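*Asks:*
Residue numbers (our numbering), protein chains in the order written: chain A, 1 to 458; chain B, 459 to 813.
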């Protein structure tokens, strides 16, 4: 018997890390060759890794959600005497030590090289691990990419900027990456101040010692964390940033909102609670809101539309893929329930439960986040009354639901205590106008005010 | 979705159907041979995907779903014909006699090719999209000038059909009536580009515009692919000029191991094509018409498993070549830029005692 360590392979031509999505084995399990071990998510894909050994799992070197470095231990096995020969993922480990200035790009067959996404700073990360980095020697070129006689490193726009201001950039020292002369360097030189500013005296840290979640990670407390922290924009954060930027700067947003008496919705939920027909299915106000929004779409299909600027068309869809904004440990994601308009009360509740469970567990597939037509964001659990949401790209409307709370309400000219919630709906004003949005929201409100009657009408 | 001009001799359910121009000439034994080829190539492909996921290959291009297109075409070739593949033609390479481990050398990054093209009459994989069509037409024009009775066949996909190289090679082949068969596996997706974007007309219609015949065959029907390809090759060998064959098929897996198809296509579409599986329909024909027993199929699966384990062992045992050898075949004679690249590499600490 001997121990074998399975190093996280580069499954995607130039990737440097992958996140553990789900373990399919436990320590102590006996596994066969090619048995699925783990799902990992890379910048390119979520893939399943099959076992390279037949043997027993000794150690899992990470937890779900951990981002693991390529070519670092992932699983330790105990294997029989005549186990497989190769022990490590050695295909990509280059015998070549490359200068640290180099950047490698992930190249996918058929895609070619791009400057977007997945630019792997492999050599930088590898420096501590490869043990093959050779220090420059006297007769080796100092940099493979810079001919000795070249002009100072800068970019054409900055060179032009310097030239226009009568500045010879050969006199400057670059502060950019690898000594690159930046626009900032030129500006500093023109204003006569040194490029680097001395650090100010640091004040003693004060503040609470609590951590808080932000962009899918735990932020260090105010008192003890660094004064400034830079967090790479990637993964779920990148998706959120891209989607919101795209939507905010392409779809003119407008919104309508109203307060609604949801007492009867609460009563309906209470009356159905524990019914045998429901089994283990749990109903929530969100279930009724989802049914209400789908019902509104059936009456006003225009709300279930998207604006296809490229083709000069508005696309109206007669199926609702209902997006549910989900606050997950990794950040905000918006998976959707396909054909939600076809679902009844119980099926909707079950679909929501599955969606939330998968989102929390991090097993939502890319397909489950594609094709959303309408979205609900439920801010009530955070204790707020309303929100002004941004549309997921390519959708017609998004409904924000505030908390369901008791409030004074006028019924038959009497002020009484009722359960009240505030609904706010943002819509893409290119194809949806205020009149349509108002009708849709009023329809949702009527449904919640009297769900029994709405269900009767169907 | 499939139009009526599609040549099909065996339905997805394994029922024979007649076609006015083509009929199957294969015996039960030969059909069983095609079945064995398809099962083995799928098994070897699965093992290769696993090897990639285990860090033993840099990349792999799966062939699942396209076995009938490749085995049907590959078995229609004569030993003297010459073929020019892309990086997905593992089934063709198998039919040409290339040892499976040699198919993986390129993907393990220990070779620029993997085998001797002359030995197997099968060129090494071309990664540059559609480029091999030009090589193939040039080779075919050479065959023509030799006066040899050989055909040349080149392979590409629906994505590469939009490449200038492929369309230029159509022009040259037509102008010189070259002895070539253009075998396009339309697997419906050029990475993430759907067929509906790739071409507004069926791909085989394009041939007519260039002045040679085009035919669409059910690429998941190995019997039909075999007959259609055989006829096109025979025509090429006797001066009939080029033919475009569009094998209408589907890539069940990812474009390559670097791709995640769930990001751009829906499960329902994949499910539809799983019902058109190229292997299952042949199995049901063999059972029903030729009374092949379960034990025969079990033996083939067992044989495929043995081959897969051998492939694994062979791959894991491959030596890493001296990195300097990667420059060896770039030019036939010394070249100053190659010499410079080699020198730089050595100065950076490479070469020498690599293994």
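Cβ coordinates follow ideal geometry from the N, Cα and C atoms, glycine included. Treat the numbers as computed from the prediction; the structure is a model and nothing was measured.
Report, in whole angstroms, the separation of the C-beta atoms of residue 392 of chain A and residue 375 of chain A, which I expect to be a contact under 8 Å.
*Replies:* Within the first chain, numbered from 1, the residue matching residue 392 of chain A stands at position 392. Within the first chain, numbered from 1, the residue matching residue 375 of chain A stands at position 375. At roughly 5 Å, the Cβ-Cβ gap stays under 8 Å, so residue 392 of chain A and residue 375 of chain A are in contact.
*Asks:* Would you mind giving the Cβ-Cβ distance between residue 69 of chain A and residue 8 of chain A, rounded to the nearest angstrom? I have them listed as a contact below 8 Å.
*Replies:* By one-based count along the first chain, residue 69 of chain A stands at place 69. By one-based count along the first chain, residue 8 of chain A stands at place 8. Confirmed, about 7 Å.
*Asks:* For the beta strand (DSSP E) that residue 40 of chain A lies in, which residues bound it at each end?
*Replies:* Residue mapping note: residue 40 of chain A aligns to position 40 of the first chain, counting from 1. First-last of the beta strand (DSSP E) with residue 40 of chain A: 36–41.
*Asks:* Residues in the region 402–418 of chain A with C-beta within 9 Å of chain B's C-beta atoms, listed in sequence order?
*Replies:* Residues: none.
*Asks:* Closer than 8 Å, CB to CB, is residue 367 of chain A near chain B or not?
*Replies:* Sequence index remark: in the first chain, residue 367 of chain A carries index 367 (1-based). Cβ-Cβ to chain B under 8 Å: yes for residue 367 of chain A.
*Asks:* Going by the DSSP bridge assignment, what does residue 503 of chain B pair with across the sheet?
*Replies:* Taking the first residue of the second chain as position 1, residue 503 of chain B is located at position 45. Residue 503 of chain B is not bridged to any residue.
*Asks:* Is the beta carbon of residue 437 of chain A closer than 8 Å to that of residue 397 of chain A?
*Replies:* In the first chain, residue 397 of chain A corresponds to position 397, counting from 1. In the first chain, residue 437 of chain A corresponds to position 437, counting from 1. The answer is yes: Cβ separation under 8 Å.
*Asks:* DSSP three-state call for residue 412 of chain A: helix, strand or coil?
*Replies:* Residue 412 of chain A sits at position 412 when you count from the first residue of the first chain. In this structure, residue 412 of chain A counts as coil in the three-state DSSP scheme.
*Asks:* Do residue 636 of chain B and residue 598 of chain B have their beta-carbon atoms positioned less than 8 Å apart in this structure?
*Replies:* Mapped onto the second chain, residue 598 of chain B falls at position 140. Mapped onto the second chain, residue 636 of chain B falls at position 178. Going by C-beta atoms, residue 598 of chain B is nearer than 8 Å to residue 636 of chain B.
*Asks:* Assuming residue 566 of chain B and residue 515 of chain B form a contact by the criterion Cβ under 8 Å, report the distance between their Cβ atoms to the nearest whole angstrom.
*Replies:* Within the second chain, residue 566 of chain B is the residue found at index 108, counting from 1. Within the second chain, residue 515 of chain B is the residue found at index 57, counting from 1. About 5 Å; that satisfies the 8 Å criterion.
*Asks:* In angstroms with no decimal places, state the Cα-to-Cα distance between residue 216 of chain A and residue 498 of chain B.
*Replies:* Stepping through the first chain from its first residue, residue 216 of chain A is reached at position 216. Stepping through the second chain from its first residue, residue 498 of chain B is reached at position 40. Approximately 45 Å between the Cα atoms of the pair.
*Asks:* Taking a contact to mean a Cβ-Cβ separation below 8 Å, would you say residue 332 of chain A touches residue 240 of chain A in this structure?
*Replies:* Working through the first chain from its first residue, we reach residue 332 of chain A at position 332. Working through the first chain from its first residue, we reach residue 240 of chain A at position 240. Yes, these two residues count as a Cβ contact at 8 Å.
*Asks:* Does residue 643 of chain B come out as helix, strand or coil in the three-state DSSP assignment?
*Replies:* In the second chain, counting from the first residue as 1, residue 643 of chain B sits at position 185. Of the three classes helix, strand and coil, the one that applies to residue 643 of chain B here is strand, per DSSP.
*Asks:* With a cut-off of 8 Å, do at least 3 Cβ pairs link the region 519–536 of chain B to the region 678–689 of chain B?
*Replies:* Contact holds: three or more Cβ-Cβ distances are below 8 Å.
*Asks:* Identify every run of the alpha helix (DSSP H) within the region 513–537 of chain B, keeping only runs that are complete inside it and at least 4 residues long; order them along the chain.
*Replies:* Taking only runs of at least 4 residues, the alpha helix (DSSP H) segments lying wholly in the region 513–537 of chain B are 525–534.
*Asks:* Output the distance between the C-alpha atoms of residue 708 of chain B and residue 788 of chain B, rounded to the nearest integer angstrom.
*Replies:* Numbered from its first residue, the second chain carries residue 708 of chain B at position 250. Numbered from its first residue, the second chain carries residue 788 of chain B at position 330. Computed Cα separation, rounded: 35 Å.
*Asks:* May I ask you to list, following chain order, the residues of the region 496–517 of chain B that have a beta carbon less than 9 Å from some beta carbon of chain A?
*Replies:* Listed by position, the residues of the region 496–517 of chain B near chain A (Cβ gap below 9 Å) are 504, 505, 507, 508, 509, 510, 511, 512, 513, 514, 515, 516, 517.
*Asks:* Are the region 43–55 of chain A and the region 549–564 of chain B touching, with three or more C-beta to C-beta distances below 8 Å?
*Replies:* As far as the Cβ criterion goes, the region 43–55 of chain A does not touch the region 549–564 of chain B, which means the pair count is below three.
*Asks:* By the three-class DSSP mapping on this structure, what secondary structure does residue 223 of chain A have?
*Replies:* For the purposes of this step, residue 223 of chain A is identified with residue 223 of the first chain, where counting begins at 1. It is coil, neither helix nor strand.
*Asks:* Is the CB-CB distance between residue 582 of chain B and residue 575 of chain B below 8 Å?
*Replies:* Here residue 582 of chain B refers to the residue found at position 124 when the second chain is read from its first residue. Here residue 575 of chain B refers to the residue found at position 117 when the second chain is read from its first residue. Result yes, Cβ atoms of residue 582 of chain B and residue 575 of chain B sit closer than 8 Å.
*Asks:* Using beta-carbon positions only, say whether residue 347 of chain A and residue 320 of chain A come within less than 8 Å of one another.
*Replies:* For the purposes of this step, residue 347 of chain A is taken as residue 347 along the first chain, with counting starting at 1. For the purposes of this step, residue 320 of chain A is taken as residue 320 along the first chain, with counting starting at 1. No. Outside cutoff.
*Asks:* What in chain B is Cβ-close to residue 12 of chain A, meaning under 8 Å?
*Replies:* Residue 12 of chain A sits at position 12 when you count from the first residue of the first chain. The contacting residues are 715, 716.
*Asks:* Bridge partners of residue 17 of chain A, per DSSP?
*Replies:* Counting from 1 along the first chain, the entry for residue 17 of chain A is found at position 17. Answer is A:69.
*Asks:* Just to confirm, does residue 423 of chain A get its C-beta within under 7 Å of one of the non-hydrogen atoms of the ligand PLP?
*Replies:* This structure lacks the ligand PLP; in fact it carries no ligand of any kind.
*Asks:* Across which residues does DSSP place residue 540 of chain B in a beta bridge pair?
*Replies:* Residue numbering aside, residue 540 of chain B sits at position 82 when the second chain is read from its first letter. For residue 540 of chain B, which the question treats as bridged, DSSP gives the partners B:610.
*Asks:* If contact means a Cβ-Cβ distance below 9 Å, which residues of the region 640–670 of chain B contact chain A?
*Replies:* Result list: 648, 649.
*Asks:* Show which residues of chain B have a CB atom less than 7 Å away from the CB atom of residue 34 of chain A.
*Replies:* Here the question's residue 34 of chain A lines up with position 34 in the first chain. Those within 7 Å of residue 34 of chain A in chain B are 508.
*Asks:* Pull up the CB-CB distance for residue 579 of chain B and residue 604 of chain B, whole angstroms please, since I reckon it's below 8 Å.
*Replies:* Position 121 of the second chain holds residue 579 of chain B. Position 146 of the second chain holds residue 604 of chain B. At roughly 14 Å, the Cβ-Cβ gap does not stay under 8 Å, so residue 579 of chain B and residue 604 of chain B are not in contact.
*Asks:* Our contact map puts residue 640 of chain B next to residue 700 of chain B with C-beta atoms below 8 Å; I'd like the distance itself, whole angstroms only.
*Replies:* By 1-based counting over the second chain, the position of residue 640 of chain B is 182. By 1-based counting over the second chain, the position of residue 700 of chain B is 242. The Cβ separation is near 6 Å, so the contact holds.
*Asks:* Whose C-alpha, out of B:485, B:477, B:479, is nearest the C-alpha of residue 740 of chain B?
*Replies:* The sequence position of residue 740 of chain B within the second chain is 282, counting from 1. Out of B:485, B:477, B:479, B:485 has the C-alpha closest to the C-alpha of residue 740 of chain B.
*Asks:* Quick check: is the beta carbon of residue 46 of chain A nearer than 8 Å to any beta carbon in chain B?
*Replies:* Along the first chain, read from residue 1 onward, the residue named residue 46 of chain A stands at position 46. Yes, contact with chain B.
*Asks:* From the DSSP output, which residues share a beta bridge with residue 217 of chain A?
*Replies:* Numbered from its first residue, the first chain carries residue 217 of chain A at position 217. Bridge partners of residue 217 of chain A: A:214.
*Asks:* Between residue 506 of chain A and chain B, is the shortest Cβ-Cβ distance under 8 Å, so that the two count as touching?
*Replies:* Nothing about residue 506 of chain A can be read from this structure; chain A reaches only from 1 to 458.
*Asks:* So, with DSSP's three-state summary, where would you put residue 367 of chain A?
*Replies:* Stepping through the first chain from its first residue, residue 367 of chain A is reached at position 367. Helix.
*Asks:* Give me the Cα-Cα distance between residue 455 of chain A and residue 342 of chain A, rounded to the nearest whole angstrom.
*Replies:* What you label residue 455 of chain A is simply residue 455 of the first chain in a count that begins at 1. What you label residue 342 of chain A is simply residue 342 of the first chain in a count that begins at 1. Spanning the two alpha carbons is a distance of roughly 14 Å.
*Asks:* Which residue's Cα is closest to the Cα of residue 190 of chain A: A:168, A:413, A:325?
*Replies:* For the purposes of this step, residue 190 of chain A is identified with residue 190 of the first chain, where counting begins at 1. Among A:168, A:413, A:325, the Cα nearest to that of residue 190 of chain A belongs to A:168.
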